[in-house]
DNA sequence: CTGAAAGCGCTTACAG
DNA sequence: CTGAAAGCGCTTACAG
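Chains as they are written, first to last, in this note's numbering: chain A, 1 to 360; chain B, 1001 to 1360.
What follows is the structure, encoded as C-alpha cells:
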C-alpha cells in the first residue's frame, strides 16, 4: 500500500483539477452534482484522508484547541477533559493538553507552548488566585461568573445557595462550611451562596483547611468531631475531596452519617456515588459549559483573532452562568436522625456504582 | 504588530537565503558560526516561532502524539495524562487526547480520529478485555506485562505480591481480595500476586464487585462486615476506588480500621492520602512508564512507520515491567490491633494532604 | 461549472 | 559554506 491518497491522486484518477476536487470535498466552490458525487466516490474508494497539515498551512488554522488546567492531576480534570474533548471533537477540533503542575507561572508557559504548537485557541481553567493575561489568541476562561474575563462557568453561588437551602430543609440550623483556599473565586462563590441561604435562619461557620494545615501540618485532623459536640449538625464542603475527608474523619470518630450529622460536597467527583454513605453533592453541567466555551472559542477564531469587547457572541449573552444540579444521596439526611425509618432521603439521582468506571 | 515572522522574513532582513536560515535554525546543514549566530539573533529579535504546520507538511511529521484511554473520566487518567504530557513535552511532542467514553468500539474510532488528525503515534491504555489491532502507525500500549503486545507497564503481579507480603507481615492470615472485572489483565495480575503471597501461608478469597452488582444491583453493599465476622482481617482491593468503598462500608458498619481490619488499595489515587485513616496503596511509577512509552513511540516514528518484531529497542529490552512502590499509610496495621500503642504503622511516605491539589 | 496558478512556511537534496 | 529550486497537500481568488 502506497502512502495516503491526496487530492492530486483523486484529480488524476478522474482527469480533473485538484481545485475542483478540493471544491467538491469542501462543498464550497460550485461543482456540478455529478462531478461532485464522482469525486467523493473516488475519494472514498482511494481511502482519501485530508491532510490537516496541508490545510493548516494554507488556511492558517490548525483546527486544534489547547486545554490548560493549572493542574491536570486534579480529580476534576477528567470531567473537564471529557466534556471539552467531546465538544471540540463535535466541532471538528482536536484537543491538545497543557499542564502547569499547579505552578502559577508555569501556567503561562503551558499556554504559550500550546500556542507555539499552533493551537487556534485555548480553553483555560485558571488556578485559583490567578487571571489570564491577553495572549493574542482566542481564549475561553472557565472559572467563576464573578471572575473578570470569565467566559462561562457554573453558577457556583447559586449552587451554594441551593445546597444551603437543602440543608435548611432538612432541619439543619448549624453548618460548618469547609473550604481550602480563600483566594479561590469558585470556592468563595460557593461559600457565599451557602451563607446567604443560612443568613437569618441559622448559623454558618467557616473552616479553611489550607490555614489549618499551615499551622498544624498537612494531613492534620480537622477537629470535626469537636464541632459536632459544639452543636454543628451539617458539614458543607466546597469540594467532594474535602467532603470525603470530613466523612472519613467523622466516621472514624464514631459519628454516624447521616444519623448524627449530614455531609455534603461539590462537583460529583468519581467517588461520590461509591462511598458509604454515598455523598450528596452539586454537579456542574460540564457538557453545557464545554459546549459554550468551545462555541465561543470557535466564534472568536472565525472572526480572526482576539475578541474585542464589542464582539460578544449574542448567542452567549447571559448564558455564561450555568445552573448546577443538586444530587441528593445518602450523606445528607434529616437533622438528628429523628425521622421515621425509611424516611431518610436516599434518592439516587445519579448512578451510584463504581462498575462503569474502571476501564483497566 | 504584523503576523508572525517566518524564515523568509529573517532571510530578507539578513540578505541570505531561507535555506540557510533553515539550516542555521535546525543546526543541520553546515553554516558558518558567525552567520549562524547572526541568524539566531535576528530570529529572536523578530520573535520568530517556527510554523509547525509548515514543518509538518514538508517533513510528514506532526510532532503530535495521541493519548487514548478507554475512559478519560477514570480517576487514573490524571496520572497518565500528566506523566505522558510531561514526557512528550520534553521530547518536543504535543499530546492530543482521545476518549471513547468506555465504549469498546469507540476505542478504535478514537484512535482513528487521532490518526486522521495527524498524530505521529498513539499511546493507548486499552480498556480491560480489549487489545489493540495494528493501526498502521506507531503505537505504545500500556496495559500489563502479561498482555500480548504490551509496550510498557507496571509490574502489577509483583505489586500484588508485595502487597500480599505486607499484609502477611502484619500478621494477617485471611484476606479478601476485591476486584471488579475478571477480564482485566491488570486486575488479574494484581490478584495473582496477592494470592501467590498468601499461598500456603493464609487464606485468600476473592470478591468480584462486577458480578455482585450484576445480581444485586449497582451500588449494592458488598457485605464486608459479614466477612469480618467470618474471620477476614484484611481487605486488599485492586484499586483505591474499591478500597474507598470498602473503608466507608466498614466504617459505617462500625468496623474500625486499622484496629479491627486492614484495608489496602492500588494506584495511589488522589484521595488515598486524604481520607481517615489514610490508605495504604501501591503506586505505579508513571513518570518512568510514560518516559519509556514515549521513547518507544518516538523511536518507532524515527524508524518510519510501524515497528516490526525485529526492531525492538535495545534500550527498552527487559524494562517493560516497571516496579511499583508500596506506600504504607494508616489503613493497614498489625492484625487485631494487638500491637502496643504507638506501634501502629503510620509512616507517611507520601504527602497526605489535599491542600496541594485543589487548583480551582 | 471548471481549471491554472500562486501561495501557506518549511525542508531537503543538489549545485555552486 | 551558501543558495536556487522543488515539493509537502491544501485553499483561494481569479479567469475562462
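No residue lacks a Cβ here, since even glycine has one placed at the ideal position from N, Cα and C.
Values in this document were obtained by computation on a predicted structure and should not be read as measured data.
Simplified DSSP state of residue i, which is helix, strand or coil
| i | result |
| --- | --- |
| residue 230/A | coil |
| residue 1134/B | coil |
| residue 1248/B | helix |
| residue 281/A | strand |
| residue 69/A | strand |
| residue 1206/B | strand |
| residue 122/A | strand |
| residue 1189/B | helix |
| residue 1269/B | coil |
| residue 1312/B | Here residue 1312/B scores only 48 on pLDDT, less than 50, and its place in the model is too uncertain to base an answer on. |
| residue 222/A | coil |
| residue 303/A | coil |
| residue 1098/B | strand |
| residue 1170/B | coil |
| residue 199/A | coil |
| residue 64/A | strand |
| residue 1257/B | coil |
| residue 327/A | strand |
| residue 91/A | coil |
| residue 1274/B | coil |
| residue 1242/B | helix |
| residue 20/A | helix |
| residue 333/A | coil |
| residue 1112/B | helix |
| residue 6/A | coil |
| residue 1289/B | helix |
Chain A within 9 Å of residue i, Cβ atoms only
| i | result |
| --- | --- |
| residue 1302/B | no |
| residue 1221/B | yes |
| residue 1094/B | yes |
| residue 1098/B | yes |
| residue 1013/B | no |
| residue 1029/B | no |
| residue 1024/B | no |
| residue 1072/B | yes |
| residue 1078/B | yes |
| residue 1089/B | yes |
According to DSSP, residues forming a beta bridge with residue i
| i | result |
| --- | --- |
| residue 1235/B | 1176/B, 1263/B |
| residue 1321/B | 1153/B |
| residue 1141/B | 1124/B |
Test: residue i CB closer than 9 Å to a CB of chain B
| i | result |
| --- | --- |
| residue 296/A | no |
| residue 290/A | no |
| residue 101/A | yes |
| residue 5/A | no |
| residue 207/A | no |
| residue 85/A | yes |
| residue 365/A | The question about residue 365/A has no answer, for chain A in this structure spans 1 to 360. |
| residue 62/A | yes |
| residue 75/A | yes |
| residue 293/A | no |
| residue 176/A | no |
beta-carbon residue i near the ligand ADP non-hydrogen atom, thresh 8 Å
| i | result |
| --- | --- |
| residue 1300/B | Of the ligands one can find in the structure shown there are none, so the ligand ADP has no counterpart to examine. |
Stretch-stretch touch, CB-based, cutoff 8 Å, three pairs: the stretch 320–327 of chain A with the stretch 144–159 of chain A:
yes
Using a beta-carbon distance cut-off of less than 8 Å, what residues from the stretch 1109–1122 of chain B approach chain A?
1113, 1114, 1116, 1117, 1118
Short-range partners of chain A found in the stretch 1216–1249 of chain B, where Cβ spacing is below 8 Å:
Cβ contacts with chain A: 1218, 1219, 1221, 1239, 1241, 1242, 1244, 1245, 1247, 1248, 1249.
For the stretch 41–54 of chain A, list every residue whose C-beta sits within 7 Å of some C-beta in chain B, in sequence order.
49, 52, 53, 54
Segment contact, 8 Å Cβ cut-off, at least three pairs: the stretch 63–74 of chain A with the stretch 21–31 of chain A:
no
Take every Cβ of the stretch 265–274 of chain A, pair it with every Cβ of the stretch 227–242 of chain A, and state whether three or more of those distances are shorter than 8 Å.
Inter-segment contact for the stretch 265–274 of chain A and the stretch 227–242 of chain A is present: three or more beta-carbon pairs are separated by less than 8 Å.
How do the stretch 250–264 of chain A and the stretch 162–182 of chain A stand: do at least 3 beta-carbon pairs fall below 8 Å, yes or no?
yes
Compile a chain-ordered list of the residues in the stretch 1256–1276 of chain B whose CB is closer than 7 Å to at least one CB of chain A.
1270, 1271, 1273, 1274, 1275, 1276
Is it the case that the stretch 90–103 of chain A contacts the stretch 37–50 of chain A, given that we only count it when at least three CB pairs across the two stretches are under 8 Å?
no
How about the stretch 214–224 of chain A and the stretch 1208–1223 of chain B: do they share at least three Cβ pairs that are nearer than 8 Å?
no
Taking contact to mean 3 or more Cβ pairs, one atom from each stretch, closer than 8 Å, check whether the stretch 42–50 of chain A and the stretch 2–13 of chain A are in contact.
Three or more beta-carbon pairs separated by less than 8 Å link the stretch 42–50 of chain A to the stretch 2–13 of chain A, which places the two stretches in contact.
Of all the residues that make up the stretch 1119–1149 of chain B, which are near chain A by a beta-carbon distance shorter than 7 Å?
1125, 1127, 1128
Segment contact flag, the stretch 1065–1083 of chain B with the stretch 1285–1299 of chain B, C-beta cutoff 8 Å, min 3 pairs
yes
Cβ contact (3+ pairs, closer than 8 Å) linking the stretch 104–123 of chain A and the stretch 1101–1115 of chain B
no
Would you call the stretch 126–136 of chain A and the stretch 217–232 of chain A in contact, with 3 or more CB pairs under 8 Å?
The stretch 126–136 of chain A makes no contact with the stretch 217–232 of chain A; the number of CB pairs closer than 8 Å stays below 3.
Would the stretch 1138–1152 of chain B and the stretch 1169–1179 of chain B be scored as touching if the rule is three or more Cβ pairs under 8 Å?
no
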